[in-house]
Structure formats: structure tokens, C-alpha cells
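Each remark here refers to the structure printed beneath this line.
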Amino acid sequence: MNFALIGYGYWGPNLARNIKSIPGINLKYICDVDPDRGKNINFRYPGTGFVCDCEAIANDKEIDAVLIATPVKTHYLLCKMMLDNGKDVFVEKPLAYSTDHAQELVNLAEKNEKILMIGHTFLYSPSVNEIKKIINSGELGEIYFISSSRVNLGKHQKDVSVLWDLAPHDLSMFHYWLESNPHWVSCNGNNYIIKDIPDVAFMHLNYPGDICVNLEIAWLAPSKLRRVAIVGSQKMLVYNDMETLEKVKIFDKGVDYKDPESFGEYQLSYRSGNIFSPYISSQEPLYLEVLDFYNSIKNRTQPVSNGRLGLNIVKIIEKAEQSLNNKGEQVKLV
Ligand SMILES: NC(=O)c1ccc[n+]([C@@H]2O[C@H](COP(=O)([O-])OP(=O)(O)OC[C@H]3O[C@@H](n4cnc5c(N)ncnc54)[C@H](O)[C@@H]3O)[C@@H](O)[C@H]2O)c1
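My numbering numbers the first residue of the sequence shown as 121 and each following residue consecutively.
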């Protein structure tokens, strides 16, 4: 199968490395508008050509599938061009910069019977998949709330806010674990370094079952945090992606409430038991992601991180941005 990769900046090389490690894929071209990005390609990947104009890829009938790792605002036009030319498409997160564009791409892929996959890498993380199994087994009980922090002194994107850059990771995990979309979102944030590009945001989401979700994202923070806490009626879980071992820990902790039987006081009993950390495979999420794209093309099946999921994430970010611009007002998702 012949693949091409468009965008060879920070993230593109990681995709290229994983594409090259899957037998059955020939990476025919790498494309970047910046000719300097092509300097070492011949040396690193002999047999892979470098082009600056993606039309060469769109017009090449031998190319089956294209991966796109370019800035967010270029996703829509590049995806559309590739889908129009009969290619299966993988595009980095987020799918597009507006719900209208994301919806149009999903419709186009469905009409042309093409695979449209989004690079929501965390859906391929063995830790995230273990957590999904734990939630589905009922071990945590009823999910009460989730609190997530994804902050560090990070790379400021020039074209989009921290919402479009970092929130797709957490929102895709929440969607995957809770198997639902939020009823509403509210978001506060600010731009401290680059004018009009918020670099800090605090998002609140309300999911079916009255699950309260809090998400903190920032490119401006003293230390790097990648931490999700899930609090359930039976147990609590912490996913700390900064840990090398024991990324997921389940705490047998909780509070039981008993209604008073007479006019006496209600009773609370606090539980604090074992802490358990399950074995988690160390497979690289990005490898599993590219493999899912390859298998979806081969078997004509939908990938886990499919276009409809990507569309849902774009809808939430768009509403969160609307809320941020309106002082944190609650915005409904319909
Ligand atoms: N899945 C993840 O964990 C993850 C991590 C980082 C970035 N990303 C995503 O990857 C994408 C790229 O991010 P980045 O940090 O690599 O950006 P970047 O700016 O470092 O690289 C983008 C590259 O695309 C090239 N480019 C721009 N327009 C082009 C066009 N029309 N045709 C060909 N090349 C073009 C640029 O010259 C640049 O080299 C974004 O969507 C980002 O959200 C995903």
C-alpha cells in the first residue's frame, strides 16, 4: 500500500517513523512546503521522495492513503483535496477548525466511501484502554466526576489557542470512556503571551448522568502535569502519564452515606483500603494508531478514532471557545 505524509515539522517525523515500521506500507512521499524540511529524508528513508507541493500527491493515482500533520487551519483544505482525489485520509487532531468544516469532511468521506481518521493518539494509549476496561467493569462504581490537568511550559502555537491544541487529547479520552457527549460546556481563560491566542484555559463540562468534568490546559505552567483523576462511588483512579511505571492507580477509597433512621444525625463512613496498579503494556500509542489506520484501509472498517468522533471533539472546542469569549457563560451542545 502506498502512503504519503504531508507536514514534516515537529510531529510529522514521529508519524513517518511509525509508518516505516509497519510492513505492508510503502511511504512513497513526504511533503512539506518548507524545502529545508526535506534535507535528510533521502538519508533517513531511502526510497521515499520529497515534494513541496501536495498536488503531486493528490494527482498520483498510486497513492492509496495520506497522513496530514500540518497546522490546524490547513487541515480542512488538505483533507478535502485528498478525499476529492480518492485517498483514504488520516489527519492530525483536531479534524478541522470549525464544526461546519469538520461536518463537511465527514460527509465527504462517507459519500466517497473513504476512511477518515483523526490523530487522537490517546485513544491508542494502553493506559487509556486499561482505564476504559476498568470503568466498563463497574469497579469504580457510578462515576461522580473527572478532573484533568494538561499543563506545562509548552510550545505556543501561532495559529490556534491552547483549546484547539491541547483539549482534543482530554476531550477524546472523556468521549471514549463515558461514551457520550457533554450537555454543556463553560470555559474561562486568557492570553498572556501572544495577543488573542489564549494560552491558559479552564473548562467545565457536564456529561449525562450529571458527571462533572473539569479540565485545565495551559502552555504556561511551572511544571508538566498530565494527570486525570476519576472519582467513582466505589473506588477512585488516578492516571498520571508522567510516571514511567504505575501510570494507573486504583484507590479503594470512598465515603458511604447513611440516611438517619430516626431523628438522629446522618452517618458517613470513610473507606481507605488498598492501592492497586495494573500491568500496562509499553507499546507506543502512535504505532498502534498508524496500525489502526492501515488495518481500517485494508479491511474497509472504521478506525477507533474515526471522523464522527473527531467531529464531536471539534463541536465541543468550538462551544468552549464561544464560552471563553463570553466570560465563561454555559453553552449548550445540541
Ligand atoms: N497527536 C499528537 O499527540 C500531536 C502532537 C503534536 C502535534 N500534533 C498535531 O500535528 C499537527 C502539526 O503540528 P506540529 O507541532 O508538527 O506543527 P509544525 O508547525 O511543527 O509542523 C507543521 C509542518 O507543516 C508544514 N506545512 C504547513 N502547511 C503545509 C501545506 N499546505 N503543505 C505541506 N506542508 C505544510 C510546515 O512547513 C511545517 O513543517 C497539528 O495538527 C497538531 O495538533 C499532534
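Even glycine gets a Cβ: it sits at the ideal position worked out from N, Cα and C.
A Cβ-Cβ separation of about 19 Å leaves residue 242 out of contact with residue 331 under the 8 Å criterion.
Minimum Cα-Cα distance from residue 346 among the listed residues 433, 406 and 287 corresponds to 287. By the 16-neighbour rule on beta-carbons within 10 angstroms, residue 393 is exposed. Taking a contact to require three or more Cβ pairs closer than 8 Å, the region 181-190 and the region 210-220 qualify as touching.
Residue pairing by DSSP puts residue 322 in a beta bridge opposite 308 and 336.
By DSSP's assignment, residue 233 forms no beta bridge with any residue. DSSP, read as helix, strand or coil, puts residue 226 in helix. The beta carbon of residue 297 sits no closer than 7 Å to any heavy atom of ligand 1. Cβ-Cβ distances below 7 Å link residue 397 to 366, 368 and 369 in the same chain, with the five nearest sequence neighbours on each side left out; the list follows chain order. Proximity to residue 128 across 173, 145, 122 and 206 peaks at 173, based on C-alpha coordinates.
At least one heavy atom of ligand 1 lies less than 7 Å from the C-beta of residue 151.
Residue 395 and residue 355 have their C-alpha atoms some 10 Å from each other. Contact between the region 421-436 and the region 291-305 is present: 3 or more CB-CB pairs across the two stretches fall below 8 Å.
If you look at residue 158, you'll find it isn't in any beta strand (DSSP E); DSSP assigns it neither H nor E. In this structure, residue 218 sits away from residue 449, with a CB-CB distance that is not shorter than 8 Å. Under the 8 Å Cβ criterion, the region 241-256 counts as touching the region 295-314, having at least three qualifying pairs. Not one heavy atom of ligand 1 lies closer than 7 Å to the C-beta of residue 339.
In this structure, residue 336 and residue 271 form a Cβ contact; the two beta carbons are roughly 6 Å apart against a cut-off of 8 Å. Looking at 145, 350, 454 and 382, the one whose alpha-carbon comes closest to that of residue 167 is 145. DSSP places residue 296 in the helix class (H, G or I) of the three-state scheme. The beta carbon of residue 303 sits closer than 6 Å to those of 326, all from its chain and outside the five residues before and after it, given in chain order. According to the DSSP assignment, residue 132 belongs to the alpha helix (DSSP H) that extends over 132-140. The beta carbons of residue 183 and residue 410 sit about 16 Å from each other, so the pair does not count as a contact at 8 Å. In this structure, residue 229 sits away from residue 282, with a CB-CB distance that is not shorter than 8 Å. The alpha-carbon of residue 193 is positioned some 11 Å away from that of residue 285.
Residues 375 of the same chain have their beta carbon placed closer than 7 Å to that of residue 390, with the five preceding and five following residues left out of the count. At a cut-off of 7 Å, the beta-carbon of residue 127 counts as near ligand 1: some heavy atom of the ligand is closer than that. Here DSSP, grouped into helix, strand and coil, assigns residue 273 to coil. By the Cβ neighbour-count rule, residue 319 is buried, with 16 or more other Cβ atoms within 10 Å of its own. Annotated three-state conformation of residue 400 is coil, per DSSP. Per DSSP, the continuous beta strand (DSSP E) segment holding residue 185 begins and ends at 185-188.
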